[in-house]
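First up is the structure itself, then whatever we jot down about it.
In the numbering used here, the protein residues as written are 8 to 84.
Next up, the structure:
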């Protein structure tokens, strides 16, 4: 899955604080901007994987006739 998100980086003292604007809970920090970028990518992947796992657990409780799974794309300007 490839998605595009907005990363926000702010220098706070000796640290860079980072978060993904579109997904609550995807945030991190790093001593350098490069470290913050690496950490943010890892945090985003972990949150997306966790959300997918939780969604599949919910779907497992429902019958196949009641569940439709398909890709969705949006363009937000």
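Every residue, glycine too, gets a C-beta built ideally from N, C-alpha and C. Quantities reported herein were computed from a predicted structural model and do not represent experimental measurements.
| request: Compute the Euclidean distance between the alpha carbons of residue 63 and residue 11, then round it to the nearest angstrom. | output: Roughly 23 Å between the two C-alpha positions.
| task | Quick one: using the 10 Å Cβ neighbour count with 16 as the cut-off for buried, is residue 25 buried or exposed? | result | Answer is buried; the Cβ neighbour count reaches 16.
| query | If you count every other CB in all the chains shown that lies within 10 Å of the CB of residue 39, and 16 or more means buried, which is it? | reply | So residue 39 ends up on the exposed side.
| For residue 34, which beta-bridge partners are listed by DSSP? | According to DSSP, residue 34 bridges with 26.
| heavy atom of the ligand SAM below 7 Å from residue 59 C-beta | As far as ligands go, the structure on display features none, and thus does not contain the ligand SAM.
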